[in-house]
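Residue numbers (our numbering), protein chains in the order written: chain E, 2 to 328; chain W, 6 to 267; chain V, 179 to 551. Heads up, the beta-carbon is just placed ideally off N, CA and C, and yes, glycines get one too. Here is the structure we will look at, set down as structure tokens.
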Amino acid sequence: MAGLWVIGEVTADGGLARISTEVATLARTLAKAADQDVTGIVVAADPKAAAAELATYLPRVLALTEPAAADHAWAMIAADRIAGVLEPDAKEFIFVGAGPDGRDVAGALSALTGWGILANTTAAAWADGGPTIDMSVFGGKLTTTSAFTDATGIVTVRPNVVTAEPAASAGSVEDVKPVGDLKQPVVSVVERVAEATAAAPIEEARIIVAGGRGVGGPDGFKLVEEIAEALGGAVGATRAAVDAGWIPYAQQIGQTGKIVKPQLYLALGISGAIQHKVGMQTAETVVAVNRDPDAPIAEFADLVVIGDLFEVGPALLTELRARPGSG
Amino acid sequence: MQIVVLVKPVPDPAAGGERLGADGRLDRAATPAVVNANDEYALEAALKLVEAHGGEVTIVSMAPSNGPETMRKALAMGAHRGIHVTDDALAGSDHVSTARVLAAALKDLEYDLVLAGADTSDGLAGVVPAGVAALLRLPYLSYAAKIEPDTDAGRVRVRRISPTGYDVLEAPMPALVVCTQALGEPRYPSLKGIMAARSKEIAAKALSDIGVDAASVGGAVATTKVLGSTAPPPRAATRVVREPPDVAAREVVEFLAQRRIV
Amino acid sequence: MLRDAVRVLADEQIARRAAEIDKTAEFPWDVKELLASHDILGLPFPTQYGGLGGELLTICLAIEQISRVCATSGLILAVQELGALPLLLAGSDEQKERWLPDLAAGRTLIAFALTEAEAGSDASATRTRARRDGDDWVIDGSKRFISQGSVADLITVFAVTTDDSDVPRHKRLTCFIVEKDTAGFGVERIEHKMGIRGSPTAELSFRGARVPDSHRVGAEGDGFRIAMRTLDRSRPGIAAQAVGIAQGALEVAAAYANERKQFGKPIAEFQMIAAMLADMDAAIEAARQLLYKACTEIESGAADAARWSAMCKLVAGDTAMRVTTDAVQVLGGYGYIDEFPVERMMRDAKITQLYEGTQQIQRLVIARALVPK
Chain E
2 MAGLWVIGEV TADGGLARIS TEVATLARTL AKAADQDVTG IVVAADPKAA AAELATYLPR
62 VLALTEPAAA DHAWAMIAAD RIAGVLEPDA KEFIFVGAGP DGRDVAGALS ALTGWGILAN
122 TTAAAWADGG PTIDMSVFGG KLTTTSAFTD ATGIVTVRPN VVTAEPAASA GSVEDVKPVG
182 DLKQPVVSVV ERVAEATAAA PIEEARIIVA GGRGVGGPDG FKLVEEIAEA LGGAVGATRA
242 AVDAGWIPYA QQIGQTGKIV KPQLYLALGI SGAIQHKVGM QTAETVVAVN RDPDAPIAEF
302 ADLVVIGDLF EVGPALLTEL RARPGSG
Chain W
6 MQIVVLVKPV PDPAAGGERL GADGRLDRAA TPAVVNANDE YALEAALKLV EAHGGEVTIV
66 SMAPSNGPET MRKALAMGAH RGIHVTDDAL AGSDHVSTAR VLAAALKDLE YDLVLAGADT
126 SDGLAGVVPA GVAALLRLPY LSYAAKIEPD TDAGRVRVRR ISPTGYDVLE APMPALVVCT
186 QALGEPRYPS LKGIMAARSK EIAAKALSDI GVDAASVGGA VATTKVLGST APPPRAATRV
246 VREPPDVAAR EVVEFLAQRR IV
Chain V
179 MLRDAVRVLA DEQIARRAAE IDKTAEFPWD VKELLASHDI LGLPFPTQYG GLGGELLTIC
239 LAIEQISRVC ATSGLILAVQ ELGALPLLLA GSDEQKERWL PDLAAGRTLI AFALTEAEAG
299 SDASATRTRA RRDGDDWVID GSKRFISQGS VADLITVFAV TTDDSDVPRH KRLTCFIVEK
359 DTAGFGVERI EHKMGIRGSP TAELSFRGAR VPDSHRVGAE GDGFRIAMRT LDRSRPGIAA
419 QAVGIAQGAL EVAAAYANER KQFGKPIAEF QMIAAMLADM DAAIEAARQL LYKACTEIES
479 GAADAARWSA MCKLVAGDTA MRVTTDAVQV LGGYGYIDEF PVERMMRDAK ITQLYEGTQQ
539 IQRLVIARAL VPK
């Protein structure tokens, strides 16, 4: 009978990545529906803290101490070790986040095990001995439901698809020592650089305020930042703004940037061309401010203000700051 | 330097005609194909590297029989030659098959770097390059914002984008690097490049040429299957607000409050 | 791919200049620089001279895409090809070495001077003469309606070189290259035209203009034949311009018809408008396919190249005139004012029925091919 696994991702300071709390919640729900065991696994140089936190979501967590993970790239090492933990003929389903680290470990693990991948889950259920996974395709025009053809598979889960919910009681953590040498070549991490402008991964934000070409320049983005702050959200941007150098690429949303699913997407001076739309159209609520009533975004937003964002924006700030309990 | 770039022809997202075929898989014939946008960034990075260090760029694509049409665009940007892996048995291939086939195609090639785009606009999974690296036991450096090879020492340094900034990774070459948009805008092919691309070589390779058993890949052995599909519920009609800024701002905040966002 | 690359360039960089070029009637040096820097002017020239070695079809694809947004701009490439064809077809290696590299790079422009006030359709009625004087030729006469004659660095001139009545009329012409700073060469006037207003159409005078014999292209008496062979290859370029103009007009008309609402719906939904648009589209496609076919036939050295060349130009020119007239009709009153480009396109289209051989001449050429020898 198949079991479920959750790969816990570790942040730079040794804590558990937020996405893993969501993935764990999803896997636990599926395990209950399937009447299966669910186990977490954290691979790190010092997995204790992350494993303990993951154990508040799962009944059992393996904490695998791998010293090489201290200053080497994580994903290949994790895939190497996790493949080693799995039984040779295991029938398992593995769940991991769909961010860069999650994708890397999913891809490597798939090659090492021969198991398939269903990526970018937006909803999951259990049927016929395995998970059924919903995915949004064709830029949001279609949602497909897929399953694995065997009783094995790897599932990657997008941020904000599931609200994390700790289990009723904390589970147990088991220490695991790695067996044998790493088979995959390791890549040294020579330096970890923190940048002042770096924000929390925008895919995790519940509210995103994004600026496009209409913002006009880096000064214009100050308004976007202020509105984001007033709403407690993150700042996003279109490719035009990033290409113009007004804002870093890490905040770009769209076809060649990030795909986001926030509760609120507030688009300022964004036309809503398809390459951008693809990145945000599954947002729950879309509000746009644009001078052009014929801009594509006016068609798929829930509410659009036809106006100058440099007039509407400050007015919006005033309103938000005036609300009780704000600021 | 010898650089291989993995290039995938994908349905043109701007054309908007994508649909699933009868088997539940992407109908690749429905829309004209273009080079996957992220692969263009990888290709641009490769071209800049050989311009700086000398050498050549080979593109490798696993694609249906019309692959060369799209590969010509990559050649027009400046790649020197192409390898087109194509075989009827590959139809319906999943990530597992794709990684296996690409790894097999790379096995006979000599290179310092393999570059790949972060994900594809048709699949968006972003998992195949990691699989290829694992199969070939290549050092794997992903989400690169900067690539700095040291050809004398035979090592490469990569800046990997991280949530807090970036990590500097280093590994011996040959290595596989996954590229991001941060590496720089892809060039438009010049007319000279377009004309020159007509006579560049695209070598076709069938599965037997790269030592892959046709029975081990393709739709018949796919690890996933599509059960069904639905169109998402249509959004309610857009509410258009044309009031002066003060009034408009109030309406927006009320709207957000109704939806319990503020 | 090349068609797309040129289309993108035309849409992004040339389209916005079209109205201004027409209004000011100034030669768009910036567009010429753009075409040169993107190697587009290199298309007609062999790679060994720095060109792109494009086939006739490739050159026409580029002319078509540029003409879609600006007929004057499309003409820059067409004239560069036209003026250089005598050199390409009949020039010596030294002549090619000397002049082609700069032409291919777009550093110099070349014009084709055959037409005269009294020698339009009847090219053999040429009166400009070239008299041998030692190692030189001295040219006297004038040429009329020479496209880009006032901005070209080189002029390909056809002059009568013998009065011998035993020599048949069509063997009395010789072809020469005259550089613009040659003493005795001048620009007399620029015409004010109905259309392609940014392309200067000049009257050129030759008063004792002296050129060395090394500037003679082809043998003495070869001029007419060189001119005819040139036109066989250059007429498709005009057909391409015509197809481009028509396509541009159709796109404006179709977009307008889909937006403009009368009687409660877009006028494109009314059958009379829809039928017009459909006829326009079909006619353009037919002209286009004939053009492409003609290009491949001519490029492969077909014996009846003249017939193909004449046919594609005849059909494309008439199509452009009809389509642009209909485009104005679709736009109604708005089509008549310069707020929309179709009135300019209609004015631009007319020339394609007139130059590089009138439609009547094209018909003569085609009919000749039907007469058994």
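Would you say residue i faces chain W, with C-beta separation under 8 Å as the test?
i: E:Arg324; result: yes
i: V:Ile355; result: no
i: E:Gly108; result: yes
i: E:Gly15; result: no
i: E:Asp90; result: no
i: E:Met77; result: yes
i: V:Ile218; result: yes
i: E:Glu10; result: no
i: E:Gln37; result: no
i: V:Ala256; result: no
Just to confirm my understanding: we take residue i, look at its own chain, exclude 5 residues before and 5 after, and list those with CB closer than 8 Å. What are they?
i: V:Glu204; result: Gly376
i: W:Asp172; result: Arg164 and Arg165
i: W:Leu143; result: Val119, Val137, Pro179, Ala180 and Leu181
i: V:Glu521; result: Val506, Gly513, Tyr514 and Ile515
i: E:Gly328; result: Confidence at E:Gly328 is low in this model, with a pLDDT of 45, below 50, so the placement of that residue should be treated as unreliable; the coordinate-derived value is given next. Ala231 and Arg322, listed in sequence order.
i: V:Leu235; result: Tyr470, Cys473, Thr474 and Glu477
i: E:Arg82; result: Val44, Leu65, Glu67, Pro179 and Leu183
For residue i versus residue j, is the C-beta spacing smaller than 8 Å?
i: V:Thr339; j: V:Arg347; result: no
i: E:Ile78; j: E:Val44; result: yes
i: V:Ile214; j: V:Ala289; result: Inspection of the sequence shows that residue 214 of chain V is occupied by Ala rather than by Ile. It is not a contact, given that the beta carbons lie outside the stated cut-off.
i: W:Asp117; j: W:Gln186; result: no
i: W:Arg215; j: V:Leu180; result: In the sequence on display, residue 215 of chain W carries Ile and not Arg. Contact: no.
i: W:Glu256; j: W:Glu248; result: yes
i: E:Glu230; j: E:Leu63; result: no
i: V:Leu219; j: V:Leu267; result: no
i: E:Asp135; j: E:Thr146; result: yes
i: V:Ile237; j: V:Gly426; result: no
i: E:Ala152; j: E:Gly131; result: yes
i: E:Gly154; j: E:Trp116; result: yes
Which residues share a DSSP beta bridge with residue i?
i: E:His277; result: Answer is none; E:His277 lacks a bridge partner.
i: E:Asn291; result: E:Ile307
i: W:Glu61; result: W:Gln7
i: V:Arg310; result: V:Trp315
i: V:Tyr434; result: DSSP lists no partner for V:Tyr434.
i: E:Ile254; result: E:Lys259
i: V:Ala214; result: DSSP, once it has assigned bridges, lists no residue as partnering V:Ala214.
i: W:Glu153; result: W:Arg162
i: V:Gln440; result: V:Lys443
i: V:Glu381; result: V:Arg367
i: V:Val338; result: V:Arg307 and V:Leu351
i: V:Arg394; result: V:Phe354
Of all Cβ atoms in chain V, is any one closer than 8 Å to the Cβ of residue i?
i: W:Arg86; result: no
i: W:Pro249; result: no
Is the CB of residue i under 8 Å away from at least one CB in chain E?
i: W:Glu23; result: yes
i: W:Arg142; result: yes
i: W:Arg33; result: no
i: W:Glu190; result: yes
i: W:Glu49; result: no
i: W:Lys230; result: yes
Tell me which residues share the same chain as residue i and place their Cβ nearer than 7 Å to its Cβ, disregarding the 5 neighbours each side in the sequence.
i: E:Ala71; result: Ala46
i: V:Gln537; result: Leu492, Gly495, Asp496 and Gln531
Those runs of the beta strand (DSSP E) which lie wholly inside the region 97-176 of chain E and span at least 3 residues: 118-128, 131-138, 143-149 and 154-158
Within the region 78-145 of chain W, ranges of the alpha helix (DSSP H) (whole runs, at least 4 residues): 100-112 and 133-141
Whole beta strand (DSSP E) runs in the region 243-305 of chain V with 3 or more residues, listed along the chain? 288-291
For the region 173-236 of chain E, list the beta strand (DSSP E) runs that are entirely contained and at least 3 residues long, ordered along the chain. 173-177, 189-195 and 208-212
Within the region 39-109 of chain E, ranges of the beta strand (DSSP E) (whole runs, at least 3 residues): 39-45, 61-66 and 93-98
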